[in-house]
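What follows is a set of notes on a single structure, which appears directly below.
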Amino acid sequence: MTDPNPLDRYSRQMRFPGIGKAGQEKLLASRVTLCGCGALGTVLANTLVRAGVGFVRVVDRDFVEPSNLQRQVLFDESDVRDNLPKAEAAAVKLRRINSAVTVEPVVADIDRTNVEDLCRDADLILDGSDNFEVRYLVNDVAVKLGKPWVYGGAVGSQGMTMTIIPGETPCLRCVFEAAPNPGDVGTCETAGVLAPTVSIVASFQAAEALKLLSGSRDAVSRELLMVDVWENTHKRVKVAPLRGRKGQCPCCARRNFEWLDGAHGTQTTTLCGRNAVQVSHRAAGRLDFEQLAGVLRTSGPVTFNKFLLKFQLEEKGEPFEFTVFPDGRAIIKGTSEPDRARTLYAKYVGH
Amino acid sequence: MPITVQVPTPMREQAGGKAEVAVGGATVRAALDDLVKQYPGLAPKLFDGGKLRPYVNVFVNDEDIRYLDEMDTAVADGQVVALIPAVAGG
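As you go down the protein sequences, you meet chains F and A in turn. So for the first sequence, this note's numbering puts the first residue at 5; every next one is plus one. So for the second sequence, this note's numbering puts the first residue at 16; every next one is plus one.
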């Protein structure tokens with residue numbers, strides 16, 4: 005778009021006194037890392053890119069599936085047909101929405117080896133993930149680097165969000181000391197999820213992002229916000245006195261970054277919303293799909309493009325589907341047991 | 016008027032499907048003991064070795080008990096005790 009006045013498109017936003025022209029210029033000069041581009045992430049990316057946030061790095065490990073389309077607003081049926089990774093599919097849409105900002109898609113699993121690199125040059129980190137491993141990693145890295153981040157979670161009709169400014173507010177571990185065990189709290193698979201739940205939570209997160217990036221830190225919410233769109237409840241609870249939890253918070257008081265250091269976290273992750281497990285197994289180099297496809301074809305049908313390889317398998321009458329990424333990571337569908345997935349991976353993909 | 020415990024969605028199956036349970040007791044500990052007495056299935060969801068599970072937060076009238084008197088925080092009839100676990104998905 006060649007626009008003689010590139011700020012025109014933001015006129016309604018600039019007219020809002022909280023932002024103004026100065027705030028808009030700050031937004032255009034700001035950088036965000038978005039961790040996860042599913043339900044929350046697509047709403048966040050859509051809002052930020054339209055608002056003119058100058059640089060948005062979209063990190064996601066997953067690819068677009070039919071069951072995403074009910075709530076993941078940037079994707080459509082052609083993305084499913086083309087087997088596109090979410091980060092790449094989102095980038096195409098986002099660039100169409102606003103060609104004046106930079107969108108950087110990164111197809112990767114966020115783990116302790118890469119999270120710092122992904123976040124170091126960002127002014128703000130946004131949580132668009134669906135699991136606590138990523139959230140505690142992001143919390144560690146945000147506190148370590150002194151960058152604000154905005155937590156958001158959504159299951160069923162219920163959502164929650166909180167803004168973390170290291171040194172000013174409690175961190176995620178001050179408020180939620182530990183991650184729930186799988187199965188202890190609802191997931192998108194067991195409890196389902198409504199699109200409005202996600203949109204509302206992500207929109208609150210996006211509003212916080214606009215405040216932080218446009219220089220209105222005083223307007224930032226200092227409470228934990230909870231909504232339930234089915235039970236018609238909306239609640240804000242005070243968490244500020246939990247900051248550092250009397251000097252005992254391992255993360256922000258003691259600066260022990262346990263998730264970043266690998267004391268927590270695993271090599272397998274059960275994926276929210278699907279009967280699937282991700283196995284992270286970093287190959288030394290990038291995988292050669294042509295070679296791998298040749299090996300796998302003796303066991304079942306294989307297709308691949310430059311982003312991913314799909315392999316279908318039947319073992320003891322049970323169907324499995326592997327989606328393998330060039331970095332060696334695989335999502336194995338057909339089981340929710342990490343051990344089973346690890347075994348299948350080792351058997352068909354591992355060395 | 017009794018104390019109302021708000022039960023979060025992931026724990027309702029163990030609470031007979033109820034979103035709110037009326038309990039008695041003068042402290043959070045006593046109120047939760049009464050809750051577990053009424054619905055024993057909630058015990059493993061809430062406690063591990065007698066201690067509150069670390070991902071369950073307890074609020075009395077919207078104040079986190081960790082900056083009040085923890086499990087000894089006083090509760091009175093008519094007050095609301097909310098059990099709030101972290102929300103996972105997204």
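All C-beta atoms, glycine included, are put in the ideal place defined by N, C-alpha and C.
- prompt: Would you say Val11 (chain A) and Glu35 (chain A) are within 8 Å of each other, going by their C-beta atoms?
  reply: A question about residue 11 (chain A) goes unanswered here, because the residues of chain A that appear run from 16 up to 105.
- prompt: Since Cys39 (chain F) sits in a beta bridge, which residues does DSSP pair it with?
  reply: As a first step, residue 39 (chain F) must be located in the first sequence, where it is residue number 35. Cys39 (chain F) pairs with F:Val63 and F:Asp131.
- request: Report back the beta-carbon spacing between Ala183 (chain F) and Tyr70 (chain A) to the nearest angstrom; my notes put them in contact at under 8 Å.
  value: To locate residue 183 (chain F), count along the first sequence from 1; it is residue 179. To locate residue 70 (chain A), count along the second sequence from 1; it is residue 55. Right, the Cβ-Cβ distance comes to about 7 Å (below 8 Å), so this counts as a contact.
message: For Pro8 (chain F), tell me which candidate among F:Thr327, F:Ala104 and F:Leu149 has the shortest Cα-Cα distance.
response: Numbered from 1 along the first sequence, position 4 holds the residue referred to as residue 8 (chain F). Nearest C-alpha to Pro8 (chain F): F:Ala104.
query: How about the stretch 110–130 of chain F and the stretch 60–68 of chain F: do they share at least three Cβ pairs that are nearer than 8 Å?
result: yes
task: Would you please verify whether the beta carbon of Asp79 (chain A) is less than 8 Å from any beta carbon of chain F?
output: Locating residue 79 (chain A) in the second sequence gives position 64, where the first residue counts as 1. At least one chain F Cβ lies under 8 Å of Asp79 (chain A).
- request: Note the first and the last residue of the continuous beta strand (DSSP E) segment covering Thr327 (chain F).
  value: Reading the first sequence from its first residue, position 323 is the one you call residue 327 (chain F). From DSSP, the beta strand (DSSP E) with Thr327 (chain F) extends over Glu322 to Val328.
query: How do the stretch 139–153 of chain F and the stretch 46–60 of chain F stand: do at least 3 beta-carbon pairs fall below 8 Å, yes or no?
result: no
task: Look at Val138 (chain F) and Cys39 (chain F) and say whether their C-beta atoms are less than 8 Å apart.
output: Against the first sequence, residue 138 (chain F) aligns to sequence position 134. Against the first sequence, residue 39 (chain F) aligns to sequence position 35. For Val138 (chain F) and Cys39 (chain F), yes; Cβs fall inside 8 Å.
task: Taking only runs that begin and end inside the stretch 292–348 of chain F, name each unbroken alpha helix (DSSP H) of 4 or more residues, in chain order.
output: 293–300
- request: Taking only the alpha-carbon atoms, compute the straight-line gap between Gly160 (chain F) and Asp86 (chain F) and give it to the nearest angstrom.
  value: Within the first sequence, numbered from 1, the residue matching residue 160 (chain F) stands at position 156. Within the first sequence, numbered from 1, the residue matching residue 86 (chain F) stands at position 82. Each residue's Cα considered, the two are about 29 Å apart.
query: Alpha carbon to alpha carbon, what distance is there between Ser34 (chain F) and Ala126 (chain F)?
result: As a position in the first sequence, residue 126 (chain F) is number 122, starting the count at 1. As a position in the first sequence, residue 34 (chain F) is number 30, starting the count at 1. Distance between the alpha carbons of Ala126 (chain F) and Ser34 (chain F) is about 8 Å.
- prompt: With a Cβ-Cβ cutoff of 8 Å, do Ala213 (chain F) and Leu52 (chain F) count as a contact?
  reply: As a first step, residue 213 (chain F) is located in the first sequence; it is residue number 209 there, counting from the start. As a first step, residue 52 (chain F) is located in the first sequence; it is residue number 48 there, counting from the start. Going by C-beta atoms, Ala213 (chain F) is nearer than 8 Å to Leu52 (chain F).
field: Val233 (chain F) versus Ala297 (chain F): straight-line alpha-carbon distance, rounded
entry: As a working mapping, residue 233 (chain F) is identified with position 229 in the first sequence. As a working mapping, residue 297 (chain F) is identified with position 293 in the first sequence. Spanning the two alpha carbons is a distance of roughly 46 Å.
field: Contact under 8 Å by Cβ, Ala206 (chain F) with Gly251 (chain F)
entry: Here residue 206 (chain F) refers to the residue found at position 202 when the first sequence is read from its first residue. Here residue 251 (chain F) refers to the residue found at position 247 when the first sequence is read from its first residue. Taking 8 Å as the Cβ cut-off, Ala206 (chain F) and Gly251 (chain F) do not qualify as a contacting pair.
- prompt: Does the distance from the CB of Arg240 (chain F) to the CB of Cys178 (chain F) come in under 8 Å?
  reply: Taking the first sequence and counting its residues from 1, the one referred to as residue 240 (chain F) is at position 236. Taking the first sequence and counting its residues from 1, the one referred to as residue 178 (chain F) is at position 174. Contact: no.
- request: Look at Gln94 (chain A) and Val75 (chain A) and say whether their C-beta atoms are less than 8 Å apart.
  value: One-based indexing of the second sequence puts residue 94 (chain A) at position 79. One-based indexing of the second sequence puts residue 75 (chain A) at position 60. Yes; because the gap between Cβ atoms is below 8 Å, this pair is in contact.
task: Please check if any C-beta of chain A sits within less than 8 Å of the C-beta of Ser207 (chain F).
output: Within the first sequence, numbered from 1, the residue matching residue 207 (chain F) stands at position 203. Output row for Ser207 (chain F): interface = no.
Partner residues on chain F for Pro69 (chain A), Cβ-Cβ distance less than 8 Å: The residue you call residue 69 (chain A) lines up with position 54 of the second sequence. The contacting residues are Phe180, Glu181 and Ala182.
query: Which stretch, first to last residue, makes up the beta strand (DSSP E) that contains Ala280 (chain F)?
result: To locate residue 280 (chain F), count along the first sequence from 1; it is residue 276. Taken as a continuous stretch (DSSP letters only), the beta strand (DSSP E) holding Ala280 (chain F) covers Ala280 to Val283.
- prompt: When you compare each of F:Thr302, F:Gln162, F:Phe326 and F:Glu81 to Leu308 (chain F) by their alpha carbons, which one comes out closest?
  reply: As a working mapping, residue 308 (chain F) is identified with position 304 in the first sequence. Sequence inspection shows Phe at residue 308 (chain F); the Leu mentioned does not correspond to that position. Of the candidates F:Thr302, F:Gln162, F:Phe326 and F:Glu81, the one whose C-alpha sits nearest the C-alpha of Phe308 (chain F) is F:Phe326.
- prompt: According to DSSP, is Arg240 (chain F) helix, strand or coil?
  reply: Your numbering for residue 240 (chain F) matches position 236 in the first sequence. In this structure, Arg240 (chain F) counts as strand in the three-state DSSP scheme.
- prompt: Can a CB atom of chain F be found closer than 8 Å to the CB of Tyr54 (chain A)?
  reply: In the second sequence, counting from the first residue as 1, residue 54 (chain A) sits at position 39. Not closer than 8 Å to any Cβ of chain F, the Cβ of Tyr54 (chain A) fails to qualify, so no.
- request: Quick one: grab the DSSP three-state call for Pro10 (chain F).
  value: Position 6 of the first sequence, counting from 1, holds the residue named residue 10 (chain F). Three-state DSSP puts Pro10 (chain F) in coil, outside helix and strand.
- prompt: What are the residues of the stretch 123–136 of chain F that lie near chain A, defined by any Cβ-Cβ distance shorter than 9 Å?
  reply: Asp131, Gly132, Ser133, Asp134, Asn135 and Phe136
message: Please state the DSSP three-state secondary structure of Phe74 (chain A).
response: For the purposes of this step, residue 74 (chain A) is taken as the residue at position 59 of the second sequence. Correct three-state label for Phe74 (chain A): strand.
message: So Gly64 (chain A) contacts chain D; which residues on that side make the cut at Cβ distance below 9 Å?
response: Absence of chain D from the displayed structure is noted, the protein chains being F and A.
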